[in-house]
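**Q**
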Amino acid sequence: MSAPRPLPGADAIRAELRRLSRRGLLRRGLSLGSLALLSGCDLSTHSGIDAALWAMLRFNDRVQAALFSPSRLAETYPASAITRPFRFNAYYPEWQVRTVDAATWRLELAGLIADRRPWTLEQLRALPQESQITRHICIEGWSQVGQWSGVPLHAFLSRVGADLSARYVAFNCFDGYSTSIDMPSALHPQTILALDFEEMPLAPEWGAPLRLRIPVKLGFKSAKNLQAIAVTNTYPGGYWENQGYDWFSGV
Amino acid sequence: MSHPAHPLPIRIMHWIGALAIGCMMLSGWAIYNASPSLPFVFPRAITLGGWLAAGIAWHISMMWLLFADGLAYLAYGFLSGHFRRDLRPRGPRAVLRDTLDALRFRLPHRLGHYNAVQRLLYSGVILAICLAVLTGLSIWKPVQLGWLTGLFGGYPIARGIHLAMMFTIAAFLAVHLALVAIYPRTLVSMIASVSAESDEAGQ
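Order-wise, the sequence lines are chains F and Z. Going by this note's numbering, the first sequence opens with residue 99, and the numbers climb by one from there. Going by this note's numbering, the second sequence opens with residue 79, and the numbers climb by one from there.
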């Protein structure tokens, strides 16, 4: 008959508890929620209410992801429905629009992408293009119909060997803006890397030389003045998302 | 015999609904202020959230409370006979007669009984709330719920109806709160179990 196992001492229990709580903290630390919480009290000056509102935003994001159908298309319009003049919108006024030299500009690729060589404008123009006349709906409530054409993002991501099972596609812009979208929305047939606006190469105020145009999301997701695209499983956030704009923002 | 002027489920659902609609309206004003479609804004201090992102966070949080409360209320209203018995609108002649009586302060207010004006106002505001919810869904998801947005004539019109329903509900609340101030015992009857008054008019 073997002797009974000695009971662990209090020190051993404390050490184990510390180890467990550290692991728990780490796990929570990697979750989308605490990333948002780290960004401070943007939604309410009361920290408890702020946390509750962030939690509800994340719940709503899950509902929105469930509501999203990859085959449901945004309504398209005839050319006569295009809004003129088209309204400028950015996180800065129009006189602060940045420009780049189209000849030296490159689209950089990062993250879970097999071929991360940068792309020139000519290379992007050589890919098959698609055109759409869709409604751009701003989170502020106003909307306008515009015409964009460019490279479908799903075709581009497939071509560069992106991991299409990854969770996020992140966009960084040379005007300091950034945003990110879920992979199913990135692969939606109407999500394009737009090169043209109203059949003309993008002007700086409309996002030259390359912008995202995603009619299944609110307007602020259609990032202008693109610099880099990254495919990742780590929540990338974004300029407005980090301040409390609903991340999924699907329409 | 006595039955309560307002049964307990109605009293509970009324106050949850009041909280949800109050929050929806005040947070909606914060959203409206980001891009006013009419030539005025709501004072920031009386909005819920204060700015766009916080207004939206409140709006799409409280929408779940309104959903749950509204669906429970509609189910109760239809199944218990409350809508059929108490809120079904009367004909235009009864509405006209009761309106004239009300304007001359001759319309008796009996707890637990609904005159033609009350029936019209309560059924009207329930309809306005339903329309506010449906247009709200249609401008929240104009692609995923595109059929609903199309039913309202497209995104810009649906947004306009949503705003109009807010004003309709606000106008109802102005009348509703003024009448509660005139007849404070109605407030008591929506909180505590107060017996319905006898129907002396024998209607």
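Glycine included, C-beta positions come from ideal geometry on N, C-alpha and C.
Pairs of beta-carbons, one from the stretch 324-344 of chain F and one from the stretch 268-282 of chain F, closer than 8 angstroms: are there three or more?
**A** As far as the Cβ criterion goes, the stretch 324-344 of chain F touches the stretch 268-282 of chain F, which means the pair count is three or higher.
**Q** Kindly indicate if chain F contains any beta-carbon less than 7 angstroms away from that of Pro220 (chain Z).
**A** Yes, its Cβ sits closer than 7 angstroms to a Cβ of chain F.
**Q** Please say whether Tyr110 (chain Z) and Ser241 (chain F) have beta carbons closer to each other than 7 angstroms?
**A** No. Outside cutoff.
**Q** Enumerated in chain order, which unbroken segments of the alpha helix (DSSP H) with a length of 4 residues or greater are wholly contained in the stretch 237-277 of chain Z?
**A** The stretch 237-277 of chain Z contains these whole alpha helix (DSSP H) runs: 263-269.
**Q** Between the stretch 123-136 of chain Z and chain F, which residues of the former have a C-beta closer than 8 angstroms to a C-beta of the latter?
**A** Listed by position, the residues of the stretch 123-136 of chain Z near chain F (Cβ gap below 8 angstroms) are Gly127, Leu130, Ala131, Ala132, Ile134, Ala135 and Trp136.
**Q** Going by DSSP in three states, Pro167 (chain Z) sits in which element: helix, strand or coil?
**A** Reduced to three states, the DSSP call for Pro167 (chain Z) is coil.
**Q** In the DSSP output, what is Gln325 (chain F) paired with across the bridge?
**A** DSSP output for Gln325 (chain F) lists no bridge partner at all.
**Q** How about Ser347 (chain F): is its C-beta nearer than 7 angstroms to some C-beta of chain Z?
**A** No - not a single Cβ of chain Z is within 7 angstroms of the one on Ser347 (chain F).
**Q** Give a yes or no on whether the minimum CB-CB distance between Val314 (chain F) and chain Z is below 7 angstroms.
**A** Yes, because at least one Cβ of chain Z sits closer than 7 angstroms to the Cβ of Val314 (chain F).
**Q** Which class does Gly348 (chain F) belong to by DSSP, given the choice of helix, strand or coil?
**A** Of the three classes helix, strand and coil, the one that applies to Gly348 (chain F) here is strand, per DSSP.
**Q** Comparing the C-beta of Ala112 (chain Z) with each C-beta of chain F, is any distance below 7 angstroms?
**A** Yes, Ala112 (chain Z) lies at the interface with chain F (some Cβ there is under 7 angstroms from its Cβ).
**Q** Using a Cβ-Cβ cut-off of 6 angstroms (strictly less than) and excluding sequence neighbours within five positions of Arg184 (chain Z), which residues of its own chain qualify?
**A** Hits under 6 angstroms: none found.
**Q** In three-state terms, what does DSSP make of Gly209 (chain F)?
**A** Of the three classes helix, strand and coil, the one that applies to Gly209 (chain F) here is strand, per DSSP.
**Q** Going along the stretch 254-281 of chain F in order, which residues come within less than 9 angstroms of chain Z, judged by CB to CB distance?
**A** Going along the stretch 254-281 of chain F in chain order, one finds no residue with a Cβ nearer than 9 angstroms to chain Z.
**Q** Kindly indicate the opening and closing residues of the alpha helix (DSSP H) around Ser263 (chain F).
**A** Per DSSP, Ser263 (chain F) belongs to no alpha helix (DSSP H) and is neither H nor E.
**Q** Would you verify that the beta carbon of Ala164 (chain F) is, or is not, closer than 7 angstroms to some beta carbon of chain B?
**A** Going by chain labels, chain B is absent from the structure shown, which instead holds the protein chains F and Z.
**Q** Hey, does Ser139 (chain Z) have any beta-carbon neighbour from chain F nearer than 7 angstroms?
**A** It does: the Cβ of Ser139 (chain Z) has a partner Cβ on chain F nearer than 7 angstroms.
**Q** Who are the near neighbours of Cys101 (chain Z) in its chain, counting only those whose CB is closer than 7 angstroms to its CB and skipping five residues on each side?
**A** Hits under 7 angstroms: Leu126, Trp136 and Met140.
**Q** Could you tell me whether any Cβ in chain Z is nearer than 7 angstroms to the Cβ of Trp246 (chain F)?
**A** No - not a single Cβ of chain Z is within 7 angstroms of the one on Trp246 (chain F).
**Q** Nearest to Ser311 (chain F) by alpha carbon, out of F:Asp294, F:Ala301, F:Met298 and F:Pro302?
**A** Note on residue identity: the sequence assigns Arg, not Ser, to residue 311 (chain F). Of the candidates F:Asp294, F:Ala301, F:Met298 and F:Pro302, the one whose C-alpha sits nearest the C-alpha of Arg311 (chain F) is F:Asp294.
**Q** Taking only beta-carbon positions, decide if Glu238 (chain F) is within less than 7 angstroms of chain Z.
**A** Closer than 7 angstroms to some Cβ of chain Z, the Cβ of Glu238 (chain F) qualifies, so yes.
**Q** Less than 7 angstroms between CB atoms is the rule here; does Tyr151 (chain Z) satisfy it with respect to chain F?
**A** No, its Cβ sits nowhere closer than 7 angstroms to a Cβ of chain F.
**Q** In chain Z, what lies closer than 9 angstroms to Ile180 (chain F) by C-beta?
**A** Result: empty, since nearest Cβ-Cβ is about 15 angstroms, beyond 9 angstroms.
**Q** Run through chain F and tell me which residues come within less than 9 angstroms of Tyr261 (chain Z), C-beta to C-beta.
**A** None at all; the shortest Cβ gap to chain F is about 35 angstroms.
**Q** Any Cβ of chain Z within less than 7 angstroms of the Cβ of Leu155 (chain F)?
**A** Yes, its Cβ sits closer than 7 angstroms to a Cβ of chain Z.
**Q** Can you tell which of F:Leu165, F:Arg160 and F:Ala188 has the C-alpha that lies nearest to the C-alpha of Thr277 (chain F)?
**A** The option with the nearest alpha carbon to Thr277 (chain F) is F:Ala188.
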